Amino acid sequence: MGSKRLDRRTLLKAAAMTPAVAVAGNGAPALAATAVVADLPDISWRLQSGFPAGLDAIHGGAEAIAHSVAILTGGRFRIEIGAPGHFVPAERSFEAVQADTIQALQTCSYYYIDKDPAFAFGTALPFGLNARMQNAWITEGGGAPLLDSFYAQYDLTALVAGNTGAQMGGWFRKEIHSLPEIAGMKMRIAGLGGTVLARLGIQPQELPIEATYAALEEGTIDAAEWSGPYGDETLGFYRVAPYYYYPGWWDGGPSIHLLVNRPAFEALPESYKMALRTSAAQAARQMMARYDVRNNVAIRSLIDKGVQLRPFPTDLLEAAYKASFELYEELAAAHPRFKTLYEPWKTFRDQIYQSFRVAEFSFESFGFAQQAKGL
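If you read the sequence shown in this note's numbering, its first letter stands for residue 48, the second for the next number, and so on.
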């Protein structure tokens, strides 16, 4: 089949023929536009990314959203993108969205578990859902209305705008062989993964990603996690911490979100809301594909550079699993909002784990084993 260049003229011609949002053959939303009506307003937003511009796979998702929204609205809805600290200090970006100082923030929801542990559900929980499961839970499994109700209590609307897929377990300056060896280690890690590791003896450190390399190099921290091979290679951690552990059991399929000022979102014309939602969904799909392709290349590159891949010791994983679900029960007992999300999330997780074990796991495990034999 031939291809057609995606530009404003093409989109507007399609929109003139139908007011519906176009849907790709696989059921995913595709870029489409409703007709631009003369009386629709010119609107300018500011979107601050929580990720440095040099991390193109993830920061690029914000740029893709702004570009698509501009096309879909005939240039009437413009979104200016800023790197961390560009519009407001990075550590104040959450409050800036709430105050409408910026209208949107590209971030991971679990960065804000200090405000409420339920923010973890928007991104990932240790030993939780992989990327497909996370998408299924939010999109079709009942997660979306639960999350929307939660975010509304903070005057936010949250749009899924990406996923990295299952992440690696981080960079360690020294090799670890068993659970007791991690006691006292300082590790840069976010989310509930850090809370769980603290119960196992690690001292979690909250560091901006820009400061993490220097901290590893100087020995201020002993380990650091970021994402996966592509992003980690870009940041250069392999130069100062040669042991690369897996899996990142705290980030099995973490969603990236646009946290949007809720009143600002509700004030948008319906066609602009649809443009923003559609653009975020398209960016999410593209980000996942980009990470899958680039991680595939980067992990080979890292091995060629002398990186030592290591699985986490079994006793560490088993202790972390047990500690994770003990933590969830404690949080559910102490935080009503966490409980409201946790109970249906846990039911969904348990059921989809059972179904994935049948076809998905058996297909992958057999194929992986055969490929490893050179077949």
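All residues carry an ideal CB built from backbone N, CA and C; glycine is no exception. Bear in mind the structure is a predicted one, so any value in this text is a computation, not a measurement.
- Going by beta carbons, ALA379 and LYS386 fall inside the 7 Å limit.
- Residue state for VAL243 is assigned as helix, using DSSP reduced to three classes.
- DSSP, reduced to helix, strand and coil, places ILE268 outside both helices and strands of the structure shown, so it counts as coil.
- In the structure shown, the three-state DSSP call for ARG179 is helix.
- In the DSSP assignment, LEU94 forms a beta bridge with ILE128, ALA151.
- Contact annotation: ALA208 and ILE303 have beta-carbon atoms nearer than 7 Å.
- Buried is the label assigned to HIS106, since at least 16 other Cβ atoms lie within 10 Å of its Cβ.
- Between the alpha carbons of PRO276 and CYS155 lies a gap of roughly 19 Å.
- In the three-state reduction of the DSSP assignment, GLY414 falls in the helix class.
- Pairing PHE141 with ALA183, the inter-Cα distance amounts to about 27 Å.
- In the DSSP assignment, ARG347 falls within the alpha helix (DSSP H) that extends over 317-351.
- Taken atom to atom, the span from the alpha-carbon of THR242 to that of SER371 is near 9 Å.
- LYS233 carries a strand assignment under DSSP once its states are collapsed to helix, strand and coil.
- Here the alpha carbon of GLY283 sits roughly 7 Å from the alpha carbon of TYR260.
- In this structure, the straight-line span from the alpha carbon of GLY216 to that of PRO310 is close to 38 Å.
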